[in-house]
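So the structure is just underneath, and the comments pick up after that.
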Amino acid sequence: MDTQNLYRVDLNLLVALQALLEERSVSRAAERLHITQPAMSKTLARLRDLFADPLFTRSNRGMQPTPRAQELATELGVVLHDIARLVTGSHFDPYTYSGEISLALSEYIGVALLPNLIQRLHRDAPRLSIRTITRAENQLEQLATGSLDFAIHIAQAHYPDEFRTQVLGTAPSGILVREGHPLCRGEITWERLALYPVIRVYVPDLEQAELARTSEAFMRVRHPQQGSLETSHLMTAMEVLRNTDYFLPGPAYVLQNSHTTNGIVALRTPPGSDYTLKYMLVAHRRTGHSPIHSWLWDQVLDTIREMAAESTATQHVRYPAILQPLTLP
Numbered sequence: 002m003d004t005q006n007l008y009r010v011d012l013n014l015l016v017a018l019q020a021l022l023e024e025r026s027v028s029r030a031a032e033r034l035h036i037t038q039p040a041m042s043k044t045l046a047r048l049r050d051l052f053a054d055p056l057f058t059r060s061n062r063g064m065q066p067t068p069r070a071q072e073l074a075t076e077l078g079v080v081l082h083d084i085a086r087l088v089t090g091s092h093f094d095p096y097t098y099s100g101e102i103s104l105a106l107s108e109y110i111g112v113a114l115l116p117n118l119i120q121r122l123h124r125d126a127p128r129l130s131i132r133t134i135t136r137a138e139n140q141l142e143q144l145a146t147g148s149l150d151f152a153i154h155i156a157q158a159h160y161p162d163e164f165r166t167q168v169l170g171t172a173p174s175g176i177l178v179r180e181g182h183p184l185c186r187g188e189i190t191w192e193r194l195a196l197y198p199v200i201r202v203y204v205p206d207l208e209q210a211e212l213a214r215t216s217e218a219f220m221r222v223r224h225p226q227q228g229s230l231e232t233s234h235l236m237t238a239m240e241v242l243r244n245t246d247y248f249l250p251g252p253a254y255v256l257q258n259s260h261t262t263n264g265i266v267a268l269r270t271p272p273g274s275d276y277t278l279k280y281m282l283v284a285h286r287r288t289g290h291s292p293i294h295s296w297l298w299d300q301v302l303d304t305i306r307e308m309a310a311e312s313t314a315t316q317h318v319r320y321p322a323i324l325q326p327l328t329l330p
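Numbering (this note's numbering), first residue to last: 2 to 330.
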């Protein structure tokens, strides 16, 4: 695009041309644009110079457009409508919106949240594409640069003012094991846990989370002589749990997805090591005036509320507590 030549054009001339095409009268076009008739006559002269064409000729039936003016008329309305939409913004309708939103979240959160959220989005915004990223490092930086639109993660100790944050809820930690695991009988202690191998599932940006700074329990789950499995795939961890005596320290709310976690139960962590996971929804303030981002922000919060309400009504003995939302504005 030759923006240098476009810069020299007074786009107000196109608005005047549209008025002249519709009114076929200099005086009526001037009245419509709230300018004097001489000023409109000067504007018409500038338009003729710009397009190197008379544009209108006078007849006993008024001003008649030339072929060049008729050619311009077929496109001018669309062009002005697009410019107006760019300046003022168009009416946002999620049902017709077509675009992509990127969301960073761990598999723990994805398994619990996405089935309900995507069902809602498919109903209300069927053309919207959601791209989830489970291995996103330096999430705040990616939000600031536009590589990410949203992040849902364990709360960090500090968020700069340029970020919009909302507490989604808090959830207890748990020890996930298969049904019938020997740990299901008796009190859970660190000594007993050390007798069984442990699974660690990758959690992005964990080193920046409040949890890593304040919870000895989270970092202490593996004994030096204990076998372990490290994986970034939660589904793999679930299959290993179902078929072995491994255990997995993690958020108990993941059991809300009964299809994925069938055959898995959550036990309480050892006495004195209880800790609560706090989850945040985060976006950069550059998206604060974007209709699709504001709408999707609300959809995440509404989905969390619905999930918490349903889980409270149907709480199951498979886990000791659930993801409970805090009071939301």
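Even glycine gets a Cβ: it sits at the ideal position worked out from N, Cα and C.
Counting only residues of its own chain and dropping the five nearest sequence neighbours on each side, Ile-265 has a CB closer than 8 Å to the CB of Leu-177, Val-178, Arg-179, Glu-180, Met-239, Leu-242, Arg-243, Leu-256 and Arg-319. DSSP, reduced to helix, strand and coil, places Phe-52 within a helical segment of the structure shown. Across the set Gln-227, Ile-200, Thr-245 and Arg-269, the C-alpha of Ile-200 shows the shortest separation from the C-alpha of Leu-235.
Of the residues Asp-150, Ala-195 and Ala-17, the one whose Cα lies closest to the Cα of Trp-298 is Asp-150. Look at His-123 here: in three-state DSSP terms it is helix. Counting only residues of its own chain and dropping the five nearest sequence neighbours on each side, Glu-24 has a CB closer than 7 Å to the CB of Ala-30 and Arg-33. Selection Met-281, His-92 and Arg-136 evaluated against His-154 yields Met-281 as nearest (Cα-Cα). Ranked by how close their Cα comes to the Cα of Pro-271, the residues Leu-230, Ser-174 and Ser-229 have Ser-174 in first place. Counting only runs that start and end inside the region 62 to 148, the alpha helix (DSSP H) elements of at least 4 residues fall at 68 to 89, 108 to 125 and 140 to 146. In this structure the region 95 to 108 lies against the region 122 to 131, because at least three pairs of beta carbons, one per stretch, are closer than 8 Å.
The Cβ atoms of Thr-44 and Leu-56 do not sit closer than 7 Å to each other. Only exposed fits Ser-60, as fewer than 16 other CB atoms lie within 10 angstroms of its CB. For Thr-37, no alpha helix (DSSP H) run applies, since DSSP gives it neither H nor E.
Judged by DSSP secondary structure, Thr-190 falls outside any beta strand (DSSP E); it is assigned neither H nor E.
Nearest neighbour of Pro-95 by Cα position, chosen from Ile-305, Trp-296 and Ala-309, turns out to be Trp-296. The beta carbon of Thr-58 sits closer than 6 Å to those of Gln-65, all from its chain and outside the five residues before and after it, given in chain order. Taking the C-beta atoms as reference points, Ile-84 is found no nearer than 7 Å to Ala-105. For Ala-31, the enclosing alpha helix (DSSP H) has its first and last residue at 27 to 33. Tyr-109 is the residue among Tyr-109, Thr-190 and Arg-121 whose C-alpha sits nearest the C-alpha of Tyr-203.
In the DSSP assignment, Glu-231 falls outside any alpha helix (DSSP H) and lies within the beta strand (DSSP E) extending over 229 to 232. Cβ contact annotation for Arg-165 (same chain, cutoff 6 Å, sequence separation greater than five): Ala-284 and Arg-286, in chain order.
By the C-beta density criterion, His-82 is exposed, having fewer than 16 other C-beta atoms within 10 angstroms.
Per DSSP, the continuous alpha helix (DSSP H) segment holding Thr-237 begins and ends at 235 to 244. In the structure shown, Arg-287 falls within a helical segment according to DSSP collapsed to helix, strand and coil. A distance of 7 Å or more separates the beta carbons of Arg-62 and Gln-300. For Gln-226, the secondary structure class from DSSP, reduced to helix, strand or coil, is coil.
For Val-16, the enclosing alpha helix (DSSP H) has its first and last residue at 13 to 24.
In the structure shown, Arg-47 adopts helical secondary structure according to DSSP, grouped into three states.
Taking the Cα positions, Met-41 is about 55 Å away from Leu-118. Between the alpha carbons of Thr-171 and Leu-278 lies a gap of roughly 5 Å. Counting C-beta atoms within 10 angstroms of its own C-beta, Gly-251 has 16 or more neighbours from the protein chains shown and is therefore classed as buried. Counting along the chain, the unbroken beta strand (DSSP E) around Arg-179 starts and ends at 164 to 179. Check the Cα spacing between Gly-78 and each of Phe-93, Pro-116 and Ala-20: the tightest is with Ala-20. By the beta-carbon neighbour count (other beta carbons within 10 angstroms, threshold 16), Leu-22 is buried. For Thr-304, the three-state secondary structure derived from DSSP is helix.
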